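Protein chains in written order, with the numbering used here: chain L, 7 to 339; chain G, 775 to 1099.
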């Protein structure tokens, strides 16, 4: 379909605009900046992550995804004016990389590899970041679309990371994503090619049997890849901006995710009550440490200092300190 | 339009296709008609050979109360119901603000007369005082589809869109049970009650009816002796506990520990909302340095007790909470 207005009409008239939007790809020009700080909440411990706003939206349909409300049923949008992207990244690298070793990735407003069979952009990104060793680039995905990466010689500063979850959560809520086992197999293939890996246990979900299921996934992770190849693991408990829970109820009426003792967090997001949330985070962190990940940098995504203290027994000494520990895999100071 | 003389006492007003208001004529209107006469005649259209009232329901009702045998009335020669309704709606909007339920009714009629949802959102919602949002339209349409009896009661008790958004979520039976409790409450309290009930229902996987019919909540709702204000407070507290069981247990523990530590009752202590962080704040008043020193002394003695330390760590994770939903 060549007329974006026609696609917009189809999406708006659909009983499920969000779902309909995922069936359309819009090629557009990014008129703003490509490189932006990750949209962190106020009052939480930030990690200094930067994002590349080059793809918005995702063909996967995870019931808990915040983009359902954030993008309001827009089509999956790929910004094609890459002649603007590379100079902006180079400028960013020149300005900041002397002082920091920032992490930067493409998986914030979409999945970094879901569209790679169509765009082939992962190879372009790898080629670009090979020339920018002071930046650490992350491709974050739930898919197994790694063919574009397998044939490349991986630079040390490129990390491919997977979002993982309890298998019952992944099966029921991560629509369109391959099972967790397949994601781990894809990670293992890339690790054997020499890529650094990352993993994101986000969102951690509270349900009957969570402890056993997450322990099993952690166990499989460290049997799939050596701990030394894992650059970082992040943990984050299920959370929603206000309104997203209603969207989930409307689009996924059988999902149990919106049920739960959610309270308003300091940032206004609906979060599990803190003691329950900290117990979730602390338990999975402990499982990671015990099952092979003692030396792997662990961090919490969008969490308060109190939650850090309760779950990891420490609060980072500032955004810069946390960023350094993740970028260089140095012990946290 | 032709000006006619009609007998209000014999008019058949059963065709209410254009009616959105159920408000009765005010004493002021009746007195004005009696003193001055009918300055602005109501407007009728002809349908199936009979006059159907388009605008001026309160005026016609006032003429009937005054037992007038004749009143002037405009007869509009317009066959299109949508055009007629638009005329009536805009005449009303020029004269006064519609109530929330009247706006809901207006949205529903416009749709019934053939207006599109897109135009309802883009053109009519702003004129009714709402933002152009499809979700708002859906709330209004759901409200208009409620049972007539409930709509009539809600017309007086619910004036806030946020409250209405919560209210339409419930079944007719639940709305029936809820309305008497909502009636005396302010809009924020109304919204809180409805939201807490919905969340508790979702969390416990029980219907709102089951929650309203159980234990402490049923006792409060069924109690004939409780004054309305106290009923609302007790209902709110009971629903909060069902919505936030872990938090409620911790909150209770926090308050008991402070009491056991001998914390002075005149000094208010507040944790951060839902114990999201470890910050506490105190609030107290004093009139003299001596009084201040006295209070500080009491606080200091309480702070040395182990119950006080335990109270400070109430927001931390323990083993006693059942994490699983």
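Even glycine gets a Cβ: it sits at the ideal position worked out from N, Cα and C. Note that the structure is predicted; figures quoted are calculated from it, not measured.
Taking the beta strand (DSSP E) that residue i falls in, what are its first and last residues?
i                       : result
residue 243 of chain L  : 236-243
residue 305 of chain L  : 304-306
residue 270 of chain L  : 268-270
residue 381 of chain L  : Here chain L has residues from 7 to 339 only, and residue 381 of chain L is not among them.
residue 818 of chain G  : 817-821
residue 1055 of chain G : 1054-1057
residue 276 of chain L  : 276-278
Taking residue i as the reference, which of the options has the closest Cα?
i                       : options                         : result
residue 863 of chain G  : G/874, G/880, G/848 and G/875   : G/880
residue 947 of chain G  : G/1088, G/852, G/920 and G/803  : G/920
residue 182 of chain L  : L/120, L/126, L/130 and L/199   : L/120
residue 262 of chain L  : L/30, L/50, L/118 and L/174     : L/174
residue 33 of chain L   : L/169, L/129, L/83 and L/165    : L/83
residue 932 of chain G  : G/989, G/914, G/909 and G/874   : G/874
residue 185 of chain L  : L/148, L/89 and L/294           : L/148
residue 918 of chain G  : G/1021, G/878 and G/852         : G/878
residue 51 of chain L   : L/166, L/328, L/93 and L/333    : L/328
residue 782 of chain G  : G/976, G/792, G/841 and G/796   : G/841
residue 855 of chain G  : G/847, G/830, G/886 and G/876   : G/886
residue 1015 of chain G : L/257, L/302, L/267 and L/161   : L/267
residue 99 of chain L   : L/128, L/122, L/118 and L/143   : L/143
residue 244 of chain L  : L/131, L/269 and L/14           : L/269
residue 990 of chain G  : G/1060, G/999, G/1008 and G/983 : G/1008
residue 292 of chain L  : L/312, L/118, L/319 and L/137   : L/319
Applying the criterion that 16 or more other CB atoms from any shown protein chain within 10 Å of the CB defines a buried residue, is residue i buried or exposed?
i                       : result
residue 260 of chain L  : exposed
residue 18 of chain L   : exposed
residue 1131 of chain G : Any question about residue 1131 of chain G goes unanswered here, given that chain G covers just 775 to 1099.
residue 336 of chain L  : A caution first: residue 336 of chain L carries a pLDDT of 41, below 50, which makes its placement in the model unreliable, though a value can still be read off. Answer is exposed; the Cβ neighbour count stays below 16.
residue 339 of chain L  : In this prediction, residue 339 of chain L scores a pLDDT of 33, lower than 50, which makes its location untrustworthy; the coordinate-derived value is nonetheless stated afterwards. Looking at its Cβ environment, which holds fewer than 16 other Cβ atoms inside 10 Å, residue 339 of chain L is exposed.
residue 836 of chain G  : buried
residue 790 of chain G  : exposed
residue 966 of chain G  : buried
residue 189 of chain L  : buried
residue 810 of chain G  : exposed
residue 1050 of chain G : buried
residue 63 of chain L   : buried
residue 996 of chain G  : exposed
residue 198 of chain L  : exposed
residue 66 of chain L   : buried
residue 116 of chain L  : buried
residue 69 of chain L   : buried
residue 308 of chain L  : buried
What first and last residue would you give for the alpha helix (DSSP H) that runs through residue i?
i                       : result
residue 131 of chain L  : 127-136
residue 771 of chain G  : Residue 771 of chain G lies beyond the stretch modelled for chain G, which goes from 775 to 1099, so this question has no answer here.
residue 882 of chain G  : 874-886
residue 826 of chain G  : From DSSP, residue 826 of chain G is part of no alpha helix (DSSP H) but of the beta strand (DSSP E) over 824-829.
residue 90 of chain L   : 88-102
residue 775 of chain G  : First-last for residue 775 of chain G: undefined, no H or E at that position.
residue 109 of chain L  : No alpha helix (DSSP H) holds residue 109 of chain L; the beta strand (DSSP E) holding it covers 109-111.
residue 920 of chain G  : Segment: none, residue 920 of chain G is in no alpha helix (DSSP H) and carries neither H nor E.
residue 1008 of chain G : 1002-1017
Taking the Cβ atom as the reference point for each residue, do residue i and residue j lie within a distance shorter than 7 Å?
i                       : j                       : result
residue 828 of chain G  : residue 817 of chain G  : yes
residue 75 of chain L   : residue 250 of chain L  : yes
residue 1002 of chain G : residue 958 of chain G  : yes
residue 1017 of chain G : residue 970 of chain G  : yes
residue 108 of chain L  : residue 54 of chain L   : yes
residue 323 of chain L  : residue 228 of chain L  : no
residue 61 of chain L   : residue 94 of chain L   : no
residue 1028 of chain G : residue 1091 of chain G : no
residue 986 of chain G  : residue 951 of chain G  : yes
residue 58 of chain L   : residue 44 of chain L   : no
residue 1031 of chain G : residue 1078 of chain G : no
residue 846 of chain G  : residue 787 of chain G  : no
residue 964 of chain G  : residue 942 of chain G  : no
residue 178 of chain L  : residue 220 of chain L  : no
State yes or no: is the C-beta of residue i nearer than 6 Å to some heavy atom of the ligand FAD?
i                     : result
residue 23 of chain L : Judged by which ligands are present, the structure shown has none, so any question about the ligand FAD falls away.
Against chain G: residues of the segment 279-291 of chain L by CB proximity under 7 Å | Within the segment 279-291 of chain L, the residues whose Cβ lies closer than 7 Å to any Cβ of chain G are, in chain order, 279, 280, 281, 282, 284, 285, 286 and 288.
Cβ-based contacts, 7 Å cut-off: residues of the segment 1002-1023 of chain G near chain L | Result list: 1018, 1019, 1020 and 1021.
What residues in the segment 972-1006 of chain G have a beta carbon less than 9 Å from any beta carbon of chain A?
-> The structure shown contains no chain A; its protein chains are L and G.
If contact means a Cβ-Cβ distance below 8 Å, which residues of the segment 296-314 of chain L contact chain G?
-> Listed in sequence order: 310, 311 and 312.
Going along the chain, which residues of the segment 1047-1080 of chain G sit with their C-beta nearer than 8 Å to a C-beta in chain L?
-> Residues of the segment 1047-1080 of chain G with a Cβ closer than 8 Å to any Cβ of chain L, in chain order: 1047, 1048, 1049, 1050, 1051 and 1052.
When you check each C-beta in the segment 813-844 of chain G against every C-beta of chain L, which residues fall closer than 8 Å?
-> Of all residues in the segment 813-844 of chain G, none has a Cβ within less than 8 Å of some Cβ in chain L.
Closer than 8 Å, Cβ to any Cβ of chain G: which residues of the segment 84-114 of chain L, in chain order?
-> Only those residues of the segment 84-114 of chain L whose C-beta falls short of 8 Å from the nearest C-beta of chain G would be listed, and there are none.
Of the residues that make up the segment 875-895 of chain G, which ones have a beta carbon closer than 7 Å to any beta carbon in chain L?
-> Correct list: empty, as no residue qualifies.
For the segment 265-276 of chain L, which residues have a beta carbon sitting closer than 7 Å to at least one beta carbon of chain G?
-> Of all residues in the segment 265-276 of chain L, 265, 266, 267, 269, 270, 271 and 272 have a Cβ within less than 7 Å of some Cβ in chain G.
Anything in the segment 1026-1049 of chain G with a Cβ closer than 9 Å to a Cβ of chain L? List those residues in chain order, please.
-> Listed in sequence order: 1046, 1047, 1048 and 1049.
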